[in-house]
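Student:
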């Protein structure tokens, strides 16, 4: 999961600080998410999925399909 959120961020050429602002958290907290040092709260996980237009299951590694079923 942690590699996926880093890859999604890097695919958009965004910094941790930019994503942290979107999530309303500090860069340090977001960095901890990417390194797997703290669990990502459910609300933040949903925000990440919505922002990146992927499913929560994709971020969690439960599927390799990025697209959200409609």
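Numbering (the numbering used here), first residue to last: 170 to 239. Backbone N, C-alpha and C define an ideal beta-carbon position, used for all residues, glycine too. Source: prediction; values computed, not measured.
Could you tell me the alpha carbon to alpha carbon distance between residue 173 and residue 203, rounded to whole angstroms?
Tutor: Locating residue 173 in the chain shown gives position 4, where the first residue counts as 1. Locating residue 203 in the chain shown gives position 34, where the first residue counts as 1. The alpha-carbon atoms of residue 173 and residue 203 are separated by roughly 8 Å.
Student: With the cut-off set at 8 Å, would you say residue 232 and residue 224 are in Cβ contact?
Tutor: Numbered from its first residue, the chain shown carries residue 232 at position 63. Numbered from its first residue, the chain shown carries residue 224 at position 55. In this structure, residue 224 lies closer than 8 Å to residue 232 by Cβ.
Student: What does the Cβ neighbour count give for residue 228, buried or exposed, with the cut at 16 atoms within 10 Å?
Tutor: Here the question's residue 228 lines up with position 59 in the chain shown. Classification for residue 228: buried.
Student: Would you call the CB atoms of residue 199 and residue 215 closer than 8 Å?
Tutor: Counted from its first residue, the chain shown places residue 199 at position 30. Counted from its first residue, the chain shown places residue 215 at position 46. Contact flag unset, no.
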